[in-house]
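Residue numbers (UniProt numbering): 1 to 226.
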């Protein structure tokens, strides 16, 4: 029974671990490196598509915590689900400081730059323009939520796609690092073997020369005296 239960979660778990590895390697050089600060923990969680609050971080980084390993990071990701569309809309409401139902570029950037790689101002302006019907440069998120599910979903999908793009970039970065590491290892092996090959060749040549000299001496000794 235990074997069957494991097989049910194998594929999903492998995909999740791969995403965690990619997120980790976008911040650190190796999964053997440890998370040594709260800031780094926030950073790797964001790269993994999470948007941790101060309370969330406090659960895993206590006063006595000095560092966290990659395995511990994976466990945290298992417990903390990725950011959802509803989470994003809650975040929009929180940063709408004057409560007017609109989000300016400045306000929206506070949401979009808390997830994964930071977006530029021009990228945020472009996203608002996609759903800005009256051309005032702001997102009327209240109206979008209540009256127009098409634009609500369109906007949320655009925001969520930035998270997926972060994951894809992290995966590509991980692949590049692994290829670079493999190349360096191969070059190191070749560099190590090259002197040995040269030494062996010289040794063989020297041995052949000595054998030739010995054979010559023996032939001379074997010649009959007249």
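Each residue gets a CB set at the ideal place from its N, CA and C atoms; glycine is no exception.
Keep in mind it's a predicted model, so treat the numbers as computed, not measured.
It is roughly 15 angstroms from the alpha-carbon of residue 51 to the alpha-carbon of residue 61.
Linking residue 190 to residue 18 through their CA atoms gives a straight-line distance of about 31 angstroms. Following the DSSP letters along the chain, one finds residue 80 in no alpha helix (DSSP H), marked with neither H nor E.
By the CB criterion at 8 angstroms, residue 58 and residue 34 fall outside the cutoff. The shortest C-alpha to C-alpha distance from residue 41 to any of 32, 24 and 29 is the one to 24. Shortest Cα-Cα distance from residue 16 to any of 75, 180 and 89 involves 75. In this structure residue 44 touches residue 73 by the C-beta definition: roughly 6 angstroms separates them, less than 8 angstroms.
Residue 105 and residue 80 do not touch by the CB rule: their CB atoms are close to 29 angstroms apart, not below 8 angstroms.
Looking at 77, 177, 187 and 36, the one whose alpha-carbon comes closest to that of residue 47 is 77.
When DSSP states are grouped into helix, strand and coil, residue 97 belongs to the coil group. Residue pairing by DSSP puts residue 35 in a beta bridge opposite 68. Distance check between residue 102 and each of 136, 54, 186 and 36 places 136 closest, using alpha-carbon atoms only. In this structure, the straight-line span from the alpha carbon of residue 176 to that of residue 30 is close to 13 angstroms.
In the assembly as shown, residue 97 is an exposed residue. Its beta-carbon has fewer than 16 other beta-carbons within 10 Å. When 83, 89, 38 and 53 are compared, the shortest CA-CA separation from residue 64 is found for 38.
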